[in-house]
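S.K.: Here it is: the structure, laid out below.
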Amino acid sequence: MTEVGDLCHIWGNLPLMTGTAFILLTNLAQVLKCLNIVARRRTIIKIITDGSKDLSEEKSIEGRSIIESFNQETRQHQLCFFVITFLTAIGWAGSAEKNKFPLRAWYPYNANKSPAYELTYVHQVFSIFTVSILNVSQDTLVTTLIAQCRCRLRLVGLSLRNSFNDQYFTEESTSDTILLKSDSNPLHFTPDQETKARKHIKSCAIRHQKALETVLLLQNTFSEPTFVQFAVTLLIICATAFQLVTQTSNFVRLVSMSTYLLDMMFQVFIYCYQGEHLSLESEEIAEAAYDIPWYSCSVRTRMSILIVMVRCRRVATLIACAFTTLSLTTFMAVRS
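The opening position of the sequence shown corresponds to residue 209 in the numbering used here, with each subsequent residue numbered one higher.
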């Protein structure tokens with residue numbers, strides 16, 4: 209409300225309006241994302257529960273290594289996002305000129321007199337850091353759920369490649385690991401081996417379908433807020449670039465606006481990065497199915513493998529409101 213009041217008060221002054229507009233747009237996008245998470249919390253909990261259950265059932269060393277690599281990737285993204293956002297918040301908090309506030313706002317009282325000035329200043333600084341933490345948390349939630357789907361798809365590919373491992377590999381198990389050693393590689397499989405392999409392929413197909421259903425849930429749950437976020441980010445980038453050109457006298461403010469611009473770009477990047485690699489992971493399942501020794505299988509087993517490969521021709525993608533595909537191509541378009 210304070211930004212809306214200030215925007216009405218300074219209407220017509222373009223430099224001041226842009227300074228207020230990007231804060232107003234950021235807060236509007238923040239409110240929409242909060243409301244969306246609260247309204248659809250049951251669906252989000254279901255996505256988290258299903259994904260955690262699927263990942264916890266992975267027992268192979270290579271599978272656990274894949275899960276750990278995804279954990280490290282998401283932690284690195286979150287750390288980078290938090291550091292950039294924290295630096296921006298510190299810059300804003302310390303960029304206020306004498307007897308002014310870090311952010312333009314309208315208050316229904318005289319905020320220039322003590323102690324109203326000090327209390328309002330502390331309130332703005334507290335709000336900046338609170339909104340920053342919430343923003344990082346909300347965006348990290350979405351991108352981490354996408355990464356979870358990516359991990360599930362990669363594990364499906366790993367499981368497909370090892371469809372016949374339990375037939376011609378010898379397992380050596382410990383309390384917490386499973387080691388595989390090559391025993392023999394028969395040119396033809398027995399009927400019993402074929403039956404077990406088909407059951408395994410069917411299990412992989414079910415896991416694949418569940419992962420795709422989760423992608424659809426993500427699409428339906430976060431499509432609108434993501435589209436609004438992208439639209440707001442485009443406007444904020446334009447407004448921030450204008451501020452960088454017009455406010456060159458305050459060095460601290462200039463640096464904080466630069467980090468804010470970088471923060472917005474990184475926010476779009478992690479969405480597009482996860483969306484791009486989600487599509488790549490879904491494509492690679494067809495390659496994993498082809499890596500099965502199908503040439504040693506019966507016609508029936510080959511048909512099962514072929515069905516999986518044909519299904520994987522439909523690449524899993526995330527689209528914001530049927531308008532913007534989350535991909536690195538979209539990120540490059542936004543950056544330009």
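Ideal Cβ positions, reconstructed from N, Cα and C, are used throughout, including at glycine. Remember, it's a predicted structure, so these values are computed and weren't measured experimentally.
Count the other CB atoms, across all protein chains shown, that sit within 10 Å of the CB of Ala324; report buried if there are 16 or more and exposed otherwise.
M.R.: One-based indexing of the sequence shown puts residue 324 at position 116. Classification for Ala324: exposed.
S.K.: On the DSSP letters alone, give me the boundaries of the alpha helix (DSSP H) that Phe334 sits inside.
M.R.: In the sequence shown, the residue the question calls residue 334 occupies position 126. Note, Phe334: alpha helix (DSSP H), 324-369.
S.K.: Closer than 7 Å by C-beta to Ile255: which residues in its own chain qualify, once you throw out the five before and the five after it? Chain order, please.
M.R.: In the sequence shown, residue 255 corresponds to position 47, counting from 1. Leu353, Thr422, Leu425, Leu426, listed in sequence order.
S.K.: Taking the alpha-carbon positions, what's the Arg283 to Arg249 distance?
M.R.: What you label residue 283 is simply residue 75 of the sequence shown in a count that begins at 1. What you label residue 249 is simply residue 41 of the sequence shown in a count that begins at 1. So the alpha carbons of these two residues sit roughly 23 Å apart.
S.K.: Mind checking who Ile527 pairs with in its DSSP beta bridge?
M.R.: Position 319 of the sequence shown, counted from the first residue, corresponds to residue 527. Answer is Thr533, bridged to Ile527.
S.K.: Classify Ile515 as helix, strand or coil using the three-state DSSP reduction.
M.R.: Numbered from 1 along the sequence shown, position 307 holds the residue referred to as residue 515. DSSP places Ile515 in helix when its eight states are reduced to three.
S.K.: Let's see if you can read the secondary structure: which residues bound the alpha helix (DSSP H) around Asn307?
M.R.: Within the sequence shown, numbered from 1, the residue matching residue 307 stands at position 99. That residue, Asn307, is in no alpha helix (DSSP H); it is neither H nor E in DSSP.
S.K.: Taking three-plus beta-carbon pairs below 8 Å as touching, is the region 312-332 in contact with the region 492-499?
M.R.: As far as the Cβ criterion goes, the region 312-332 does not touch the region 492-499, which means the pair count is below three.
S.K.: Are Leu368 and Glu266 closer than 8 Å when you measure CB to CB?
M.R.: For the purposes of this step, residue 368 is taken as residue 160 along the sequence shown, with counting starting at 1. For the purposes of this step, residue 266 is taken as residue 58 along the sequence shown, with counting starting at 1. No, Cβ-Cβ distance for Leu368 and Glu266 is not below 8 Å.
S.K.: Going by alpha carbons, who is nearest to Ile414 out of Cys520, Thr338, Ile336, Ser487?
M.R.: Counting from one through the sequence shown, the residue named residue 414 turns up at place 206. When only C-alpha atoms are compared, the closest one is Cys520.
S.K.: How many whole angstroms separate the CB atoms of Phe477 and Phe539, which I take to be in contact at a CB cut-off of 8 Å?
M.R.: In the sequence shown, counting from the first residue as 1, residue 477 sits at position 269. In the sequence shown, counting from the first residue as 1, residue 539 sits at position 331. About 6 Å; that satisfies the 8 Å criterion.
S.K.: Compare the C-alpha of Leu452 against each of Val463, Ser268, Ala319 and name the closest.
M.R.: On the sequence shown, position 244 is the one that residue 452 refers to. Considering only alpha carbons, the answer is Val463.
S.K.: Quick one, which of Ala447, Trp300, His416, Leu342 has its alpha-carbon nearest Asp258's?
M.R.: The residue labelled residue 258 in the question sits at position 50 within the sequence shown. Per the Cα distances, His416.
S.K.: Would you call Met465 buried or exposed, if buried means 16 or more other Cβ atoms sit within 10 Å of its Cβ?
M.R.: What you label residue 465 is simply residue 257 of the sequence shown in a count that begins at 1. Buried, because 16 or more other Cβ atoms sit within 10 Å of the Cβ of Met465.
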